[in-house]
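J.:
There are 2 protein chains.
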Amino acid sequence: MTDTVTLSIEQAEKLGLAVLEDNGFGNAHASAIVRSVVTAQIDECHSHGLYRLIGCVQTARNGGLDTHVLPEVIDQAPAITRINAHKGCSLLSFETGLPYLVEKARHCGISVLAINNSFHFSALWPEVEQISAQGLVGLAMTPTHAFVAPAGGAKPLLGTNPIAFSWPRPGKKPYTFDFATSVIARGEIELHRRAGKEIPQGWAIDEDGQPTTDATKALEGAMLTFGGHKGSALSTMIGLLAGPLIGDVLGHETHAASEDAPGNPHHGEIIIAFSPETFLGAEAQKHLDHAEELFERIIAQGARLPSQRRFEARERSRQNGVTIPKALHDELVALTKAG
Amino acid sequence: MTDTVTLSIEQAEKLGLAVLEDNGFGNAHASAIVRSVVTAQIDECHSHGLYRLIGCVQTARNGGLDTHVLPEVIDQAPAITRINAHKGCSLLSFETGLPYLVEKARHCGISVLAINNSFHFSALWPEVEQISAQGLVGLAMTPTHAFVAPAGGAKPLLGTNPIAFSWPRPGKKPYTFDFATSVIARGEIELHRRAGKEIPQGWAIDEDGQPTTDATKALEGAMLTFGGHKGSALSTMIGLLAGPLIGDVLGHETHAASEDAPGNPHHGEIIIAFSPETFLGAEAQKHLDHAEELFERIIAQGARLPSQRRFEARERSRQNGVTIPKALHDELVALTKAG
Chain A
1 MTDTVTLSIE QAEKLGLAVL EDNGFGNAHA SAIVRSVVTA QIDECHSHGL
51 YRLIGCVQTA RNGGLDTHVL PEVIDQAPAI TRINAHKGCS LLSFETGLPY
101 LVEKARHCGI SVLAINNSFH FSALWPEVEQ ISAQGLVGLA MTPTHAFVAP
151 AGGAKPLLGT NPIAFSWPRP GKKPYTFDFA TSVIARGEIE LHRRAGKEIP
201 QGWAIDEDGQ PTTDATKALE GAMLTFGGHK GSALSTMIGL LAGPLIGDVL
251 GHETHAASED APGNPHHGEI IIAFSPETFL GAEAQKHLDH AEELFERIIA
301 QGARLPSQRR FEARERSRQN GVTIPKALHD ELVALTKAG
Chain B
1001 MTDTVTLSIE QAEKLGLAVL EDNGFGNAHA SAIVRSVVTA QIDECHSHGL
1051 YRLIGCVQTA RNGGLDTHVL PEVIDQAPAI TRINAHKGCS LLSFETGLPY
1101 LVEKARHCGI SVLAINNSFH FSALWPEVEQ ISAQGLVGLA MTPTHAFVAP
1151 AGGAKPLLGT NPIAFSWPRP GKKPYTFDFA TSVIARGEIE LHRRAGKEIP
1201 QGWAIDEDGQ PTTDATKALE GAMLTFGGHK GSALSTMIGL LAGPLIGDVL
1251 GHETHAASED APGNPHHGEI IIAFSPETFL GAEAQKHLDH AEELFERIIA
1301 QGARLPSQRR FEARERSRQN GVTIPKALHD ELVALTKAG
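In the order they appear, the protein sequences are chains A and B. Here this note's numbering is used: position 180 in the first sequence is 180, and no number is missing along the way. Here this note's numbering is used: position 102 in the second sequence is 1102, and no number is missing along the way.
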């Protein structure tokens, strides 16, 4: 007896679409969400994979997101595209805005896609990798709900504020990273709590601002940023660039939707694209080739480039399909009309 | 008997100019360098203050920098200004490029100033604070010589790769940070070595890639990045954006000038400016005001904003002048024709 289910990529996509469309999502949103979660599932990034569809459906049922509204594109300035998601999921806004981002970056050298008022749950690396796939350099940042205390502080104020970067490597997988500016993902603390295990020192503080290794107290208190005051400064920068700079909210102003209230889960995301060809003209390829020397030297000394585990998983999944827990599969099927 | 000397700001500037001009620097370069080091000295940032003039003179004597060449401005693209420093000091290039950076950011929403082939020794915060003083958001990055190992590696490859950010706060000091992506400044390890003190675990590894608390072995080995693999990824990004993206070298390709050889100290710097007014039009002020809530909430929970110590020093120095060790003052005077 197996407790996992393996699906072909096509089956995973079909299941995902059914889950969303049978729960009232319009096809445009459902397709964009499925592309993101299946991309994550293919890379065995389970925390942003098919499992997230359950949260999407719950948030929609709780009134925390608009399942049909189309993104509104605003041609703000020569290098700036703004998109008002109007409380829809960020992913359709990203797909809608990507051609503008790329075109403006190619013309101006650098450009910004600012997504406002969106429901955001996805990993950022599928987005920056769509930018690097077009030969540009991608950088994305978004705030999240306030779970993290600033360095020297005692109360949650900053989001886990992730930053993702992807650099094009023609003929190779890109140089990509995507990390939260908290020490650890909130889900890791939750897993420790469920398992009755202590968390390491340095992950979190309790409600009184004191260091704690108690996962429950940590969840009631605040998470810490990675790298002390430097990580805290970086997280603050992300909150500003993906917040007030683009006319959107601060992390502490957002709240997840719940059964009791739709919450206010909506916030902003900033995506920056740099065009090496526009920076460098005919010399661009020479310098992109030269960047390979840095990667080669990292590998030569026994260090790994980020995202290698994902890339290896990608190869496996393209061959074998994606494998998810049977319990998750059952839960997803139960959300469809067929279930 | 006192072992310090207090100079008025005007006296400090005059001394700095004499040191450089009496050692062959043209007035344009000398003035730009003096503005930067005196700005740092006023903020009691001694490591980037008047003391740096000695290094400038030594580098020039060793043939590692051009003391007269004027920066060449290249209008690369609507949002990109490139400056070829032609082996001159980066500071005159920055001052020359700043008006283009600001004008293009106001027009396009975001813009980049890419400085190439420059001798770079200065702190970055005086530059990003010149951007925020004009109501824009500034972000600057530069590689340095390879002193730092990538996470999981064993050999120096990355620079200490600083990143600096400044956010305008009308009527108040800006929100500014400027930090190296190494755990600690190289000078700190040097100070421990001189004092015969051990360094803390986590700062560095020895030549064999093993953790060390021996400052001498650390200087022969490699420094570590802050925040483990996250800091390492960030440092790599800085090396790419301020290197190959702008057509410049990687950290490991640079070397300080020495008495034996002029070295190849020249590298790039990337400075990005964001214009809130162009992102947001008439709504910009409302959102800048709103950002204040984040700062207020950081302070309210007992945490400090970065750079506060510098700002307090600035107030003191504006009243009382700048105080430097007498030994440094003697050394600077000795470098002038009067000395």
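Yeah, the Cβ is synthetic: ideal placement off N, Cα and C, and Gly gets one too.
Could you give the DSSP three-state label for Y1175 of chain B: helix, strand or coil?
T.: strand
J.: Any Cβ of chain B within less than 8 Å of the Cβ of L136 of chain A?
T.: no
J.: Within 10 angstroms of its Cβ, does T278 of chain A collect 16 or more other Cβ (buried), or is it exposed?
T.: The residue in question, T278 of chain A, is buried, as its Cβ has 16 or more Cβ neighbours within 10 Å.
J.: Are L15 of chain A and L332 of chain A touching if we call contact CB-CB under 8 Å?
T.: yes
J.: For E259 of chain A, tell me which candidate among A:A60, A:V38 and A:N116 has the shortest Cα-Cα distance.
T.: A:A60
J.: Whose C-alpha, out of A:E190, A:H145 and A:G263, is nearest the C-alpha of L250 of chain A?
T.: A:H145
J.: Can you list the residues of chain B that Q301 of chain A reaches, using a CB-CB cut of under 9 Å?
T.: Near Q301 of chain A (Cβ distances below 9 Å), the residues of chain B are A1149, P1150, G1152, G1153, A1154, K1155, L1157 and G1209.
J.: Could you spell out where the beta strand (DSSP E) holding W167 of chain A opens and where it closes?
T.: I163 to W167
J.: By how many angstroms is the C-alpha of K1337 of chain B removed from the C-alpha of L1234 of chain B?
T.: 45 Å
J.: Going along the region 68–80 of chain A in order, which residues come within less than 7 Å of chain B, judged by CB to CB distance?
T.: Taking 7 Å as the cut-off between beta carbons, the residues of the region 68–80 of chain A near chain B are Q76, A77, P78, A79 and I80, in sequence order.
J.: Can you confirm whether G221 of chain A, when its beta carbon is compared against all beta carbons of chain B, has any partner nearer than 8 Å?
T.: no
J.: In the DSSP assignment, the alpha helix (DSSP H) including G1231 of chain B goes from what residue to what residue?
T.: Here the alpha helix (DSSP H) through G1231 of chain B covers G1228 to L1241.
J.: Curious, which full-length beta strand (DSSP E) runs of at least 3 residues does the region 2–58 of chain A contain?
T.: 4–7
J.: Answer yes if the region 120–131 of chain A comes into contact with the region 1116–1136 of chain B, meaning at least three C-beta pairs across the two stretches below 8 Å, and no otherwise.
T.: no
J.: Is S1008 of chain B buried or exposed, if buried means 16 or more other CB atoms sit within 10 Å of its CB?
T.: exposed
J.: List the residues of chain A whose Cβ lies closer than 8 Å to the Cβ of A1233 of chain B, in chain order.
T.: F165, F177, F179 and P306
J.: If contact means a Cβ-Cβ distance below 9 Å, which residues of the region 1253–1267 of chain B contact chain A?
T.: E1253
J.: Any beta-carbon of chain A closer than 8 Å to the one on L1245 of chain B?
T.: yes
J.: For P1262 of chain B, which residues from the same chain have a beta carbon less than 8 Å from its beta carbon, with the 5 sequence-adjacent residues on both sides left out?
T.: Taken in chain order, the residues that qualify are N1062, G1063 and G1064.
J.: Pull out every residue of the region 269–283 of chain A whose Cβ sits closer than 7 Å to any Cβ of chain B, in chain order.
T.: Listed by position along the chain: F274, P276, T278, F279, L280 and E283.
J.: Whole-angstrom Cβ separation of C1056 of chain B and L1092 of chain B, contact assumed at under 8 Å?
T.: C1056 of chain B to L1092 of chain B, Cβ: 12 Å. No contact.
J.: Exposed or buried, what is Q41 of chain A when buried is set at 16 or more other beta-carbons lying within 10 Å of its beta-carbon?
T.: buried
J.: I want to see whether chain A comes within less than 8 Å of G1227 of chain B, judged by CB atoms only; does it?
T.: yes
J.: Figure out for me which residue from B:P1162, B:A1291 and B:I1271 has the closest Cα to the Cα of L1130 of chain B.
T.: It should be noted that the sequence gives Gln, not Leu, for residue 1130 of chain B. Nearest option by C-alpha distance: B:I1271.
J.: Rounded to the nearest angstrom, what separates T1002 of chain B and A1257 of chain B at their Cα positions?
T.: 35 Å
J.: Taking only the alpha-carbon atoms, compute the straight-line gap between N116 of chain A and G243 of chain A and give it to the nearest angstrom.
T.: 9 Å
J.: Closest by CA to H1120 of chain B, which one among B:C1108, B:A1105 and B:M1141?
T.: B:M1141
J.: Bridge partners for F274 of chain A per DSSP, in chain order?
T.: A:I110 and A:V137
J.: Output yes if chain B places a C-beta closer than 8 Å to the C-beta of A313 of chain A; else output no.
T.: no
J.: Along the alpha helix (DSSP H) that carries E1127 of chain B, what are the first and last residues, could you check?
T.: W1125 to S1132
J.: In angstroms, rounded to a whole number, what distance separates the CA positions of E1095 of chain B and T1181 of chain B?
T.: 25 Å
J.: For a contact meaning CB atoms closer than 8 Å, what does E129 of chain A contact in chain B?
T.: By Cβ distance, chain B contributes nothing, its closest Cβ being about 15 Å from E129 of chain A, past 8 Å.
J.: Skipping 5 residues on each side, what residues in its chain have a beta carbon closer than 8 Å to that of G1268 of chain B?
T.: A1114, I1115, N1116, N1117, S1118, T1142, P1143, A1242, G1243, I1246, G1247, D1248 and V1249
J.: Under the three-state reduction of DSSP, which class applies to L1280 of chain B: helix, strand or coil?
T.: helix
J.: Which residues bound the alpha helix (DSSP H) around A1261 of chain B?
T.: Taken as a continuous stretch (DSSP letters only), A1261 of chain B belongs to no alpha helix (DSSP H), as it is neither H nor E.
J.: Quick one: give me the first and last residue of the alpha helix (DSSP H) that V148 of chain A is part of.
T.: V148 of chain A -> no alpha helix (DSSP H), and no H or E assigned at all.
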